[in-house]
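Asks: Going by the numbering used here, the sequence shown opens with residue 99, and the numbers climb by one from there.
We put the CB at the ideal spot given by N, CA and C, even for glycine.
Input: one structure, supplied below.
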Amino acid sequence: MHTRLAVNIDHVATLRQARIVSYPDPVAAARIAEEAGATGITVHLRADRRHIQQDDVRRLRPVVRGTLNLEIATSEEMLAIAETLRPTQVSLVPERPDEVTTEGGLDLVARLAEVERAAERLRSAQVAVSLFLDPDPRQIEAIDRLPQGLIGGFEINTDAYTRACDDDRPAQLEKVAASARMGSQCQLRVYAGHGLTSDNVGPISAIPEIEELNIGHWLISRAVTLGLRDAVKEMLAAMDD
Ligand code: PXP
């Protein structure tokens with residue numbers, strides 16, 4: 099079975115918010131990503147609205163044909179938005195206002211009761227719940243302390259693997275693989291992501307228990323480089339007109 103790709107389109111919105119204009123539109127990006135073979139679209143609605151806006155999620159809802167995965171913190175504001183907009187899935191992530199990107203997995207061991215309350219609310223709204231967790235057996239085991247079936251799956255944070263030096267990379271890869279095996283043994287859906295590029299994705303997509311990867315920054319960066327030639331040609335043609 100092929101590993102599925104969910105495209106994180108946050109940084110399309112980052113580019114738009116840099117000028118507070120209407121382009122590039124994350125909804126158009128979602129359409130292109132799905133046409134090209136992505137099986138889902140991921141967006142992270144942050145408290146500071148630095149990229150994706152609530153209205154983007156509302157507009158994506160009827161357009162995305164695969165899974166619309168909304169990453170949010172467990173705050174009251176975000177849970178209320180998820181209950182109203184009802185994406186296919188919510189991934190609960192930790193969030194710090196001054197972080198550049200999500201810095202680690204949720205500390206489920208420490209925040210079990212809070213995560214349970216959030217997941218119960220989402221389940222009542224018929225939204226599937228996933229958790230972003232570090233490849234740490236203590237964190238994965240903690241899912242078992244939540245009511246059966248409350249959590250549909252979890253996303254393994256691949257950040258440490260992607261940053262590891264050559265000597266450490268096999269050990270980091272094995273942590274991801276071991277976490278994936280644990281999840282699969284508990285009948286949980288297993289996803290992975292963060293920091294993945296075309297250079298480092300191979301060993302991760304080869305882990306059989308991981309069914310889907312969430313990839314954003316590299317894809318949007320690559321799209322800028324690949325698309326610039328056509329954009330310059332389009333501008334030159336418009337100037338000639
Ligand atoms: N998974 C989670 C939980 C994330 O927060 C992010 C980054 O927004 C990603 C995956 C995608 O990471 P990247 O943009 O490095 O591909």
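How would you call H100, buried or exposed, if buried means at least 16 neighbouring beta carbons within 10 angstroms?
Replies: Along the sequence shown, read from residue 1 onward, the residue named residue 100 stands at position 2. Its Cβ having fewer than 16 others within 10 Å, H100 is exposed.
Asks: Is it the case that the Cβ atoms of A127 and V141 are separated by a distance below 8 Å?
Replies: For the purposes of this step, residue 127 is taken as the residue at position 29 of the sequence shown. For the purposes of this step, residue 141 is taken as the residue at position 43 of the sequence shown. Taking 8 Å as the Cβ cut-off, A127 and V141 do not qualify as a contacting pair.
Asks: Closer than 7 Å: is that where the CB of H142 sits relative to any heavy atom of the ligand PXP?
Replies: As a working note, residue 142 is residue 44 in the sequence shown. Result yes, Cβ under 7 Å from the ligand PXP.
Asks: Quick one, which of S173, R320, N312, D265 has its alpha-carbon nearest R194's?
Replies: Residue numbering aside, residue 194 sits at position 96 when the sequence shown is read from its first letter. With distances taken between Cα atoms, R194 lies closest to S173.
Asks: Unbroken alpha helix (DSSP H) runs of length 4 or more, entirely within the stretch 121-204: which are they?
Replies: 124-133, 152-158, 174-183
Asks: Does the contact criterion of 3 or more C-beta pairs under 8 Å hold for the stretch 255-263 versus the stretch 283-301?
Replies: yes
Asks: Using 10 angstroms around the beta-carbon of Y259, count the other beta-carbons present and answer buried if the total reaches 16, otherwise exposed.
Replies: As a working mapping, residue 259 is identified with position 161 in the sequence shown. The Cβ neighbour count for Y259, taken over all protein chains shown within 10 Å, is at least 16; the residue is labelled buried.
Asks: What residue does the alpha helix (DSSP H) around L317 start on, and which one ends it?
Replies: Position 219 of the sequence shown, counted from the first residue, corresponds to residue 317. For L317, the enclosing alpha helix (DSSP H) has its first and last residue at 315-338.
Asks: Distance check for D264 and V322, CA to CA, integer angstroms please.
Replies: Residue 322 sits at position 224 when you count from the first residue of the sequence shown. Residue 264 sits at position 166 when you count from the first residue of the sequence shown. One C-alpha to the other measures close to 29 Å.
Asks: Which residue comes first and which comes last in the beta strand (DSSP E) that contains V105?
Replies: Against the sequence shown, residue 105 aligns to sequence position 7. Here the beta strand (DSSP E) through V105 covers 102-106.
Asks: Measure the alpha-carbon distance for L271 versus Y121 and round it to whole angstroms.
Replies: The sequence position of residue 271 within the sequence shown is 173, counting from 1. The sequence position of residue 121 within the sequence shown is 23, counting from 1. Distance between the alpha carbons of L271 and Y121 is about 38 Å.
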